[in-house]
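Asks: By the count of numbering that gives the first Met the number 0, the sequence shown reaches residue 739 at its end, each step adding exactly one. Don't be surprised by glycine CBs; every beta carbon is placed ideally from N, CA and C. The structure presented is a predicted model; accordingly, all values stated were derived computationally and were not measured.
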Amino acid sequence: MDESPVEICSPADQPPPASDGDHCAYLVPYRWWRDAQDPETDNGPRGVPYSASQTSTSYGMKFINNIFSSDLVFNLRRDDDLGEDDEEGSRSRCYALIGSDLWSQALKRHSGSDLTTKKIESSSFTDDEMIDVYPLMMRISVMRETNIFLIKISKRDNAVENYKKANKIFGVDSEPVRIWDFSGQTNLILMNEWNRFPQNCHQRADQEVLLEVQVYAISENMTCKSEVKKDDSASDQSKMNGFSLGGSPVCNGSLGYVDSTLQNGNVKGGCPFGLRGLENLGNTCFMNSAIQCLAHTPKLVDYFHGDYSKEINLTNPLGLKGELALAFGDLLRSLWAPERTPVVPRVFKAKLARFAPQFSGFNQHDSQELLAFLLDGLHEDLNRVKHKPYVEAKDASGRPDEEVADEYWGNHLARNDSIIVDICQGQYKSTLVCPVCSKVSITFDPFMYLSLPLPSTTMRTMTITIFSTDGSIEPSAYTINVPKFGKLRDLIRALSTASSLRNDESLLIAEVYANCIIRFLDEPSDSISLIRDEDRLAAYRLPKDAEGAPQVVFVHQRMEEYYILGKRTSWKGFGVPLIATLPDVVDGSTIQKLFLKLVNPFKRSKDTGPVDDQDRCNSNPNDAVPETVADSESTDDAVEETTDSEDEFQFYFTDEKSKIMQCKLEMDEPVSLPELQKHLYVLVCWQSKALEQYDSNLLNTLPEIYKFRLFPRRPQDSCTLYACLEAFLKEEPLGPEDMW
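(1) Is there contact between the region 472-484 and the region 456-464, where contact requires at least three CB pairs shorter than 8 Å?
(2) At what residues does the beta strand (DSSP E) containing PRO134 begin and finish?
(3) So, helix, strand or coil for ARG518, using DSSP?
(4) Which residues in the same chain as VAL432 place their Cβ atom closer than 7 Å to its Cβ, once the five residues preceding and following it in sequence are excluded?
(5) Got a sec, what are the start and stop residues for the alpha helix (DSSP H) CYS684 sits in?
(6) So, for ASN410: in the same chain, excluding its five sequence neighbours on each side, which residues have a beta-carbon less than 7 Å away from its beta-carbon?
(7) Would you decide whether SER437 is buried or exposed? Buried here means 16 or more other CB atoms lie within 10 Å of its CB.
(8) State yes or no: is the C-beta of PHE553 within less than 8 Å of the C-beta of LEU520?
(9) What does DSSP give as the partner residues of CYS93 in its beta bridges?
(10) Alpha carbon to alpha carbon, how far is PHE272 from ALA336? Give it in angstroms, no decimals.
(11) Using a Cβ-based criterion (distance less than 7 Å to any ligand heavy atom), does SER604 qualify as near the ligand SAM?
(12) Using the Cα positions of GLY547 and SER505, report the straight-line distance between them to the nearest angstrom.
(13) I need the straight-line Cα distance from ALA326 to LEU293, nearest angstrom please.
(14) Between which two residues does the alpha helix (DSSP H) holding CYS718 run?
(15) Note down, in chain order, each residue of its chain lying with its Cβ closer than 6 Å to the Cβ of GLY565, except the 5 sequence neighbours on either side.
(16) Inspect the beta-carbon positions of GLY587 and LEU664 and report whether they are closer than 8 Å.
(17) Could you give the residue range of the beta strand (DSSP E) that holds GLY425?
(18) Taking 8 Å as the threshold, find out whether the region 482-500 comes into contact with the region 406-423 through three or more Cβ pairs.
(19) Tell me the DSSP secondary structure of PHE446 in three-state form.
(20) Is it true that the region 280-294 meets the region 152-165, where meeting means three or more beta-carbon pairs spaced less than 8 Å apart?
(21) Residues in the same chain with beta-carbon distance under 7 Å from LEU377, minus the five sequence neighbours each way, listed in chain order, please.
(22) Output the distance between the C-alpha atoms of PHE347 and ASN146, rounded to the nearest integer angstrom.
(23) Between which residues of its own chain and ARG77 is the CB-CB distance below 6 Å, once the five residues before and five after are set aside?
(24) Thinking C-beta only, is LEU373 closer than 8 Å to THR289?
(25) Classify LYS107: buried if its beta carbon has 16 or more other beta carbons within 10 angstroms, exposed otherwise.
(26) Here's the rule: buried if 16 or more other CB atoms are within 10 angstroms of the residue's CB, otherwise exposed. What is TYR25?
(27) For VAL176, which option in ALA579, LEU75, ARG531 has the closest C-alpha, if you only look at C-alpha atoms?
(28) Counting Cβ pairs closer than 8 Å, one from the region 510-518 and one from the region 530-538, do we hit at least three?
(29) Apart from the five residues just before and just after LEU728, which ones in its own chain have a Cβ nearer than 8 Å to its Cβ?
(30) Between the beta-carbon of THR719 and the beta-carbon of LEU682, is there less than 8 Å?
(31) When we look at the beta-carbon of GLU725 and count the other beta-carbons within 10 Å, is it buried (16 or more) or exposed?
(32) Tell me which residues share the same chain as GLY572 and place their Cβ nearer than 6 Å to its Cβ, disregarding the 5 neighbours each side in the sequence.
(33) Measuring CA to CA, which of MET447, ARG92, LEU331, THR442 is closest to ASN166?
(34) With 16 other CB atoms within 10 Å as the buried threshold, where does PRO434 fall?
(35) Using the rule of at least 16 other Cβ atoms within 10 Å of the residue's Cβ for burial, across every protein chain shown, is PRO732 buried or exposed?
(36) Please state whether the Cβ-Cβ distance between PHE181 and LEU81 is less than 8 Å.
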């Protein structure tokens with residue numbers, strides 16, 4: 000385990016620079032530490048006793064801090080009343096802070112090891128002995144007046160799981176926490192504090208000491224270890240079979256032996272091979288899942304149980320000098336060791352973060368991104384090609400695909416040859432046909448993983464309402480299925496079939512928004528993928544012989560009441576615009592007759608009254624006509640209504656957005672259509688009498704293209720891997736943006 004020196008921190012959010020330090024501090028249960036001491040000697044180290052207590056905060060502030068703060072904060076005060084032989088040391092919340100030498104000696108005594116060296120490095124112990132050791136970063140500041148330590152344990156500095164464990168240890172609300180310092184770290188921090196800041200100078204509030212403490216929690220499940228000690232012969236036999244974690248294996252450790260071992264029974268005290276898990280270091284499940292996939296790939300396991308060190312490429316500039324391969328090999332051997340305790344991949348993760356800083360820390364990442372980097376790194380570290388030759392791909396020139404494929408694969412192996420290539424790489428055929436000259440280009444490209452598209456339905460459901468332009472039928476809504484990425488001509492064809500369109504008729508499709516036509520969809524080659532589900536489309540049946548003729552667009556308004564400082568009225572737009580074809584000679588009465596013909600299907604029968612009083616216009620015949628169309632109040636300029644159709648409708652010229660009311664349409668005056676203008680826009684003001692005689696609700700029913708349903712009638716079919724591969728292999732046209 001690496002030694003972690005005491006470090007000085009400037010701002011709390013910046014990583015402090017490293018300073019000198021020789022020892023790594025271990026926080027262990029005090030009872031475990033005392034049991035490891037020799038009872039016959041009294042010359043053991045003397046510890047400095049400390050008591051942990053909450054910072055002086057009111058209960059309300061403490062509750063708020065627990066919710067919003069990401070720091071665990073407490074005071075550490077020296078308590079000379081506590082003796083090392085005191086009964087307090089037997090409690091569960093008593094700990095000892097010791098150095099690496101004392102830690103090694105205590106661990107040796109508890110494990111019954113025969114090690115005789117004076118100083119035992121942490122690397123001498125197996126993962127099983129270090130399995131319950133995890134790092135904890137503490138930010139320490141000193142209150143100079145009282146020499147009390149202020150300890151902060153932050154989520155920013157620690158893994159999530161380690162922070163949760165620290166809360167269980169240092170949560171001092173209930174039973175007090177006692178710590179005996181045998182490492183001298185607290186005295187060292189105090190000495191550095193007074194040396195850096197003389198007594199007559201003021202300490203900066205943002206100066207802290209960053210101390211890394213290795214916390215040791217005794218595992219309660221030691222059954223596998225005890226069984227190992229009972230059967231040394233089984234341990235020796237497993238080493239002979241090539242599963243020793245230290246040094247090179249005796250033999251290749253083939254998977255055939257592993258499988259037979261699992262079938263014939265357990266070895267090494269009942270612990271089978273290949274069943275060890277990976278401990279989660281915060282949010283590292285993305286890494287664990289990728290490692291477990293590779294650790295259970297038979298050929299890869301067989302390879303890393305063999306002598307793979309001779310294939311490590313130390314001269315490859317694209318490689319990592321073999322460090323990633325060695326770290327992964329050690330981790331894979333640990334996973335296949337005959338133990339039951341999980342493996343802590345801390346060393347491998349540190350090595351991974353060194354070469355790929357994006358995976359540093361304990362946050363969640365994409366598992367496939369990590370797997371891709373790991374496979375690439377292993378390939379470059381284990382590439383058997385020391386000097387890569389220059390190769391040039393030749394054109395197929397009509398040769399058989401098998402011959403061209405072998406040639407491309409040979410060129411690839413001339414530069415890339417490793418166990419990763421043997422197991423995880425292949426090549427696919429890519430055929431490109433030029434739509435202009437019909438030239439065919441065939442290439443074979445290597446791949447290690449495929450990004451497969453999820454197959455989706457190729458059809459789209461759309462609902463469109465069709466209006467007549469001769470007043471023959473009422474509006475009707477049709478639901479059709481069209482290709483999702485089809486063209487407008489596909490939509491018109493499907494809609495024509497659904498509505499039984501005659502041969503002498505055509506459809507004009509328009510998008511309606513806020514009771515106005517905002518655009519006409521008149522280009523058959525336009526993609527319907529640009530039409531959103533929440534859009535509203537209206538289709539108009541036009542005579543084919545009048546497709547190029549000018550058209551009149553009728554936009555509707557009616558008087559509505561609203562209450563702002565009393566009852567008021569104003570003209571509001573409503574309904575779907577109606578379209579009719581204009582003849583060659585047009586006057587006001589012609590336009591009036593065209594409109595009356597269009598609204599004829601909406602006329603109520605004589606014995607039928609208004610359907611809904613809310614749809615009626617309550618204005619009287621003397622209601623004023625506004626100068627503007629939208630949100631304008633009635634003025635004093637009254638429009639006299641006669642006994643003819645003017646009692647029902649008022650006609651005004653307007654713009655294409657129906658925002659400005661122009662001059663009133665005179666019945667006897669000719670109407671001239673401006674040049675280069677295909678549509679004439681007319682605003683129709685519906686009077687109260689018209690709203691009583693016509694069912695305006697038929698104009699208001701324009702559904703969305705597609706209405707989302709929370710519970711669809713038929714669930715979608717399940718997606719298979721084969722369907723994804725079929726979607727990947729489907730031919731697709733390339734555009735100018737795909738020139739690469």
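Replies: According to the structure data:
(1) yes
(2) Taken as a continuous stretch (DSSP letters only), the beta strand (DSSP E) holding PRO134 covers 132-142.
(3) In the structure shown, ARG518 sits in a strand (DSSP, three-state: E or B).
(4) VAL439
(5) Where CYS684 is concerned, there is no enclosing alpha helix (DSSP H), although the beta strand (DSSP E) it sits in stretches over 678-685.
(6) VAL390, ALA392
(7) Label assigned to SER437: exposed.
(8) Remark: C-beta atoms of PHE553 and LEU520 do not approach each other more closely than 8 Å.
(9) ARG177
(10) 6 Å
(11) Ligands in the displayed structure: none, and consequently the ligand SAM is not present.
(12) 12 Å
(13) 14 Å
(14) CYS718 -> no alpha helix (DSSP H), and no H or E assigned at all.
(15) Nothing meets the Cβ criterion.
(16) yes
(17) 425-432
(18) no
(19) DSSP places PHE446 within a strand segment (E or B) once states are collapsed to three.
(20) yes
(21) Only LEU323, ALA324, PHE327, ILE419 meet the Cβ criterion.
(22) 40 Å
(23) Within its own chain, the residues whose Cβ lies closer than 6 Å to the Cβ of ARG77, once the five positions on either side in sequence are excluded, are TYR49, listed in chain order.
(24) Here the sequence assigns Ala to residue 289, which means Thr is not the residue at that position. Yes; because the gap between Cβ atoms is below 8 Å, this pair is in contact.
(25) Buried, since its Cβ has 16 or more Cβ neighbours within 10 Å.
(26) buried
(27) LEU75
(28) yes
(29) none
(30) no
(31) exposed
(32) ASN514, GLN556
(33) ARG92
(34) By the neighbour-count rule (16 or more Cβ atoms within 10 Å), PRO434 is not buried but exposed.
(35) Counting Cβ neighbours within 10 Å, PRO732 comes out exposed, since fewer than 16 surround it.
(36) Contact: no.
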